[in-house]
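Asks:
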Amino acid sequence: MIGRETPSAGAMQLIGSLLEQRTGQQIAANRAWRIETALKPLLREHGLASVDALVGRLIASRTGELADKVVDVLLNQETSFFRDGAVLEHLVQAAQAMQEEGPGRRLRIWSAGCSTGQEPLSLAMLLAERADAFAMPPEIVASDVSPAAIARARAGRYSQFEIQRGLPVRRMVQWFDATGAGEWVAKPDLVRRIQFRRHNLTADAPPPGRFDIILCRNVMLYFSPALRRQVFDELAGAIRPGGLLVLGAGETVIGLTERFIPSQAFRGMYVAIDAAAPLAAIA
Amino acid sequence: MKTCLVVDDSKVIRKVARHILETLEFDVREAADGREALDACLADAPDVILLDWNMPVMSGMDFLRALKEAGLPQRPKVVFCTTENGMAYIRAAIEAGADEYVMKPFDRETLESKLQIVGVA
Ligand SMILES: C[S@@+](CC[C@H](N)C(=O)[O-])C[C@H]1O[C@@H](n2cnc3c(N)ncnc32)[C@H](O)[C@@H]1O
Ligand SMILES: [Mg+2]
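Chains as they are written, first to last, in the working numbering: chain Z, 2 to 284; chain A, 721 to 841.
Here it is as C-alpha cells:
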C-alpha cells in the first residue's frame, strides 16, 4: 500500500501515555493495533498522513482540542441495553429491599462510566416498571469521562443496530419513538429520570452526597491495579455504608480494597463497609 | 441443538440468516412463504421461527394467525424479521403474538441478541 506508514514506537507510546494520563486506560500490547484503526477517521478529518504526523500536530498544538478528540476515539465505549441483564434485575430487587428498610427515603444510584447511556436507561426502565415499590423515583446520576459519549447519552438517540442490542421490543415501543430516519430516541419521560454529567473517575471528586448503589461496570478493566485501588477508595467515599457496588461480569474488588466485601444477599455485588468499624461489619 | 425455521421469500436473506444461525449452533430449516412454514411447523415444530412479513401465498401475519389456530402443544417462539420498520407494524406484530422483532437489515449481534431475549440462544 502506497503512503501507508507504520507508526513509530515513539508515536505509539506518546498516544498511549496521553490516554493513560487523561483516563487511566492502559493500552494492552495485544490491542495496540486498534490505535491505528481507531485513529484513521481522525487522521482523515485533519488531513494527516500518519499517526506520527498526528503526534507532531499534538505536540505543536496549543489548544487541547485535538488531544481531547484523540482520547475520545481511543476509549472503548462498547455497551448495550440490559448488558448482563440478570445483574440489573438483582440490583432493582436490592433497591426495593433498601426502600423497605427506609420507607419514604429517595434512593440514589450512580452509573459511573455509562458510555452512550444504555446502562442508565435500562435501569430507568426497570425502576419505572416497579414504580409502585418506591416512595419516589430513585435518583439516577450517570457519568462518563467522554464528553461525546455523554452528549449522545443525553440525546438518547440510537441507530437501528444499537436499539436492537439487548432491548426487548416491547420496551422499545414503550420507551422510544421512531424518528423516521431509522433512528430511535428515548422518550422525554425516560431521559428526565437521569442526570447526565461528565466525570473522570481518576481525577474528579465524586458527585456530592452518598449513593445507595454505584455501578461501575467494564470501566476499570484496563486500569493498573494501583489505580483501581485508588478508584475503589473514591467510590467507597461516595457510597453509604451498606450500599452496593456493581462491577462488570469479569471484575472483582478482591485483593484491591478492604472497603467492599462480596454481598451475601446479592450475588455478584459488593457491600460498602463502614470505614469506622470495618471488622464489626464483616462479622 | 435448537432448531430455527427461517421463513422468507428471498433466497439471499435465507442464506444470510442460515449462515449466522449456524454459527450460533442452530439446526436451520427454510420455508419460502407462510404456507410452507405452516406445513413445516405441523410436521415438526421448531424452537424458534424467523419470520418475514411480505411473502407471496401467505404473509407473515397470516402465518402467525394460522399458527395460533393450529394450537400446537409447544408453540415455537416467533421473531419477525422484516423491512417493515414503522411503529405501527411493530405494534401490530406484538399484538398478533410475535415474541420479538428484528428490523432489517440485521447483523449477527442483532440476531443473537433477539434470540437470547426470547430464550433460545
Ligand atoms: C466499555 S464502556 C462500559 C459502559 C457500561 N458501563 C457497560 O458496562 O456497558 C466503558 C466506559 O468507561 C468510560 N471511561 C473510561 N475511563 C474512564 C474514566 N477514567 N472515568 C470515567 N469514565 C471512564 C469510557 O469512556 C466508556 O464509555
Ligand atoms: Mg419478503
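All C-beta atoms, glycine included, are put in the ideal place defined by N, C-alpha and C.
As the structure is a computational prediction, the values presented were derived from the model and not from experiment.
#1: Show which residues of chain A have a CB atom less than 7 Å away from the CB atom of V170 of chain Z.
#2: Could you list which residues in chain Z have their beta carbon closer than 9 Å to that of T830 of chain A, in chain order?
#3: Mind listing the chain Z neighbours of S833 of chain A? Cutoff is C-beta to C-beta under 7 Å, in chain order.
#4: Would DSSP call P148 of chain Z helix, strand or coil?
#5: Which two residues bound the contiguous alpha helix (DSSP H) that contains G25 of chain Z?
#6: Determine the DSSP secondary structure at T180 of chain Z, reduced to helix, strand or coil.
#7: Given this structure, state the Cα-to-Cα distance separating Q27 of chain Z from V254 of chain Z, to the nearest angstrom.
#8: Between I837 of chain A and chain Z, is any beta-carbon pair separated by less than 9 Å?
#9: Collect the residues with a C-beta less than 7 Å away from any heavy atom of ligand 2 and give them in sequence order along the chain.
#10: Identify whether Q165 of chain Z lies in helix, strand or coil by the three-state DSSP scheme.
#11: In terms of alpha-carbon separation, which member of Z:A50, Z:G118, Z:L127 lies closest to R171 of chain Z?
#12: Touching or not, the stretch 198-206 of chain Z and the stretch 15-25 of chain Z, by the rule of three or more beta carbon pairs under 8 Å?
#13: Going by the DSSP bridge assignment, what does A273 of chain Z pair with across the sheet?
#14: Counting contacts by CB-CB distance shorter than 9 Å, is I283 of chain Z in contact with chain A?
#15: Cα separation between D213 of chain Z and K731 of chain A?
#16: Can a CB atom of chain Z be found closer than 9 Å to the CB of G806 of chain A?
#17: V52 of chain Z by DSSP, collapsed to three states: which one?
Replies: From the atom records:
#1: Sequence index remark: in the first sequence, residue 170 of chain Z carries index 169 (1-based). Near V170 of chain Z (Cβ distances below 7 Å), the residues of chain A are I810, I814, E820, Y821.
#2: Your numbering for residue 830 of chain A matches position 110 in the second sequence. Think of a sphere of 9 Å around the beta carbon of T830 of chain A: the chain Z residues whose beta carbon falls inside it are Q161, F162, Q165, R166, in chain order.
#3: Here residue 833 of chain A refers to the residue found at position 113 of the second sequence. The answer, in chain order, is Q165, R166, G167.
#4: As a working mapping, residue 148 of chain Z is identified with position 147 in the first sequence. Of the three classes helix, strand and coil, the one that applies to P148 of chain Z here is helix, per DSSP.
#5: What you label residue 25 of chain Z is simply residue 24 of the first sequence in a count that begins at 1. Premise fails: G25 of chain Z is in no alpha helix (DSSP H) and is neither H nor E.
#6: For the purposes of this step, residue 180 of chain Z is taken as the residue at position 179 of the first sequence. Of the three classes helix, strand and coil, the one that applies to T180 of chain Z here is coil, per DSSP.
#7: Numbered from 1 along the first sequence, position 26 holds the residue referred to as residue 27 of chain Z. Numbered from 1 along the first sequence, position 253 holds the residue referred to as residue 254 of chain Z. Distance from the CA of Q27 of chain Z to the CA of V254 of chain Z, rounded to the nearest whole angstrom, comes to 19 Å.
#8: In the second sequence, counting from the first residue as 1, residue 837 of chain A sits at position 117. Answer yes: the Cβ-Cβ gap between I837 of chain A and chain Z drops below 9 Å somewhere.
#9: Ordered along the chain, the selected set is A:D728, A:D729, A:S730, A:D772, A:W773, A:N774, A:M775.
#10: The count along the first sequence starts at 1 and reaches residue 165 of chain Z at position 164. For Q165 of chain Z, the three-state secondary structure derived from DSSP is coil.
#11: The sequence position of residue 171 of chain Z within the first sequence is 170, counting from 1. Shortest Cα-Cα distance from R171 of chain Z to any of Z:A50, Z:G118, Z:L127 involves Z:L127.
#12: They touch, by the three-pair rule.
#13: As a working note, residue 273 of chain Z is residue 272 in the first sequence. Bridge pairing for A273 of chain Z: Z:F261 [DSSP].
#14: Looking up residue 283 of chain Z in the first sequence gives position 282. Per-residue confidence for I283 of chain Z stands at a pLDDT of 47, beneath the threshold of 50, marking its modelled position as unreliable; no derived number is given.
#15: Within the first sequence, the letter at position 212 stands for residue 213 of chain Z. Within the second sequence, the letter at position 11 stands for residue 731 of chain A. The alpha-carbon atoms of D213 of chain Z and K731 of chain A are separated by roughly 53 Å.
#16: Along the second sequence, one-based indexing puts residue 806 of chain A at 86. Interface flag for G806 of chain A against chain Z is set, since a Cβ pair is found closer than 9 Å.
#17: As a first step, residue 52 of chain Z is located in the first sequence; it is residue number 51 there, counting from the start. Look at V52 of chain Z here: in three-state DSSP terms it is helix.
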